[in-house]
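Undergrad: Each residue of the sequence shown is one higher than the last, beginning at 1 in UniProt numbering.
Just so you know, even glycine gets a beta-carbon here, dropped at the ideal spot from N, CA and C.
Keep in mind the model is a prediction, meaning the values are calculated, not measured.
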Amino acid sequence: MSKPSSTETRPRGGREIRWRRWLGTLALALAGAAALTAWLDAPHPSSPSRAAAATPAAARAGELTGAGRHLALNLGGDAAGAAALGFDLADAGSVAGLDALPPDMQGVLWLGNGFNTRCAWRLDDAAVIAAVEAARAHPAFSGIYYIADEPHVAVCPEAPERVAERTALIHAHDPRGRTLIVVQNGAKGQGEFAAMAASADLIAVDPYPCNHRNAETGCDLGALRTRIATALEAGIPPTRLVPVFQVFGQACAGKETPWYRLPSEAELLAMLAIWDELVPRDRRPLDIAYSWAPQEGSACPTLAMAGGGDLPDLRAVMRAYLAGRSPRDIEAARR
1 MSKPSSTETR PRGGREIRWR RWLGTLALAL AGAAALTAWL DAPHPSSPSR AAAATPAAAR
61 AGELTGAGRH LALNLGGDAA GAAALGFDLA DAGSVAGLDA LPPDMQGVLW LGNGFNTRCA
121 WRLDDAAVIA AVEAARAHPA FSGIYYIADE PHVAVCPEAP ERVAERTALI HAHDPRGRTL
181 IVVQNGAKGQ GEFAAMAASA DLIAVDPYPC NHRNAETGCD LGALRTRIAT ALEAGIPPTR
241 LVPVFQVFGQ ACAGKETPWY RLPSEAELLA MLAIWDELVP RDRRPLDIAY SWAPQEGSAC
301 PTLAMAGGGD LPDLRAVMRA YLAGRSPRDI EAARR
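(1) Whether or not the segment 252 to 266 and the segment 312 to 321 are in contact is what I'm after, with contact meaning three or more pairs of Cβ atoms, one per stretch, closer than 8 Å; do they touch?
(2) Have a look at the DSSP bridge pairing and note the partners of W110.
(3) Could you say which of L169, L202, A304 lies nearest to Q246 if we only look at CA atoms?
(4) Tell whether a beta-carbon distance below 8 Å holds between V244 and V182.
(5) Give me, in chain order, the residues of the same chain whose beta-carbon lies closer than 7 Å to that of L224; leave out the 5 immediate sequence neighbours on both sides.
(6) I need the straight-line Cα distance from R284 to P238, nearest angstrom please.
(7) With burial defined as no fewer than 16 other Cβ atoms inside 10 Å of the residue's Cβ, what is the status of G112: buried or exposed?
(8) Measure the Cβ-Cβ separation of Y145 and I129 and say whether it is below 8 Å.
(9) May I ask which residues mark the beginning and end of the alpha helix (DSSP H) holding A82?
(10) Three-state secondary structure (DSSP) at residue 360?
(11) Which whole runs of the beta strand (DSSP E) in the segment 169 to 250 are 3 residues long or more, in chain order?
(12) Taking the C-alpha atoms as reference points, what is the distance between L202 and L241?
(13) From L221 to A126, what distance separates their C-alpha atoms?
(14) From what residue to what residue does the beta strand (DSSP E) around D91 run?
Structural data, given as structure tokens:
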């Protein structure tokens, strides 16, 4: 995904600055909580059926918790293939991307990145406002704005405040919209869940427990459980927590030393079972599969490629899972 291209500086140091920064962060957190409550009580103008009328508030809340919202990231032009498997959400970078989606899919609007490797947004506020106003009433828009991929507080201490500001900006121009960020809480710092919990409406968690180090022993399912538990303990409830499923490896991603490996069918089912246990499907707002298509330097092979033969048939597993079958039932049918 794109990285920020602009720069931003902030004054640092001084008791007065730290005090003002603390008050500002507290105010933003309170405002964010109030905005989230208001959003949960009200519908977004668009709906998965693309009906012209707004969905009633109660129905809309149910629609976002356990009504089949499944996001496939990095379509690579294959929206039809992902939709046929059961995904009903796809990332889109523009209104043109929304226009290109099949009728049974809606778009999650990707607004660039920020506060990951560089402490700035790729898109400035004016560009974000223009994107929101162009997409908010589009019948193929889900109402979800993907605003940051793995912001790192250790790299950019102001990340929680800046992401909260962007959430508030989007709410000001689309009161029914909700913002989505992916939080790693891994190698760059163990306190990211707590720091970012109030900065966005939806917090995605992306533990990828299958790597070449555990190829013989199996994916590190204990680490998966720990990462999910840490997010919940940081105050992110299941109704705001978005699972990210590992359906990729790096054997053909163009990396000199690949780290992640494609899980087996049994390993994917074990991961899905843990997610269902800790973040039940009827409570989560949506879930994400990374990645559908290959992404240079990051993901290959991927779910679109894993249909049996030389690779595990992860597509069959996900097709059954997205249709509502439990990991236990899917595993039993494979025997």
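TA: Working from what's here:
(1) Short answer: they touch.
(2) DSSP output for W110 lists Y146 as bridge partner(s).
(3) The residue with the shortest Cα to Cα distance from Q246 is A304.
(4) The answer is yes: Cβ separation under 8 Å.
(5) Here the set comprises P207, P209, M271, I274.
(6) Each residue's CA atom was taken as its position, placing R284 and P238 some 5 Å apart.
(7) Burial call: buried.
(8) For Y145 and I129, no; Cβs fall outside 8 Å.
(9) A82: member of the alpha helix (DSSP H) spanning 79 to 85, first to last residue.
(10) Only positions 1 to 335 of the chain appear in the structure, and residue 360 is not among them; the question remains open.
(11) Counting only runs of 3 or more, we get 178 to 183, 202 to 205, 241 to 246.
(12) Straight-line Cα distance between these residues: approximately 6 Å.
(13) If you take the alpha carbons of L221 and A126, they lie about 43 Å apart.
(14) Per DSSP, the unbroken beta strand (DSSP E) holding D91 starts and ends at 89 to 92.
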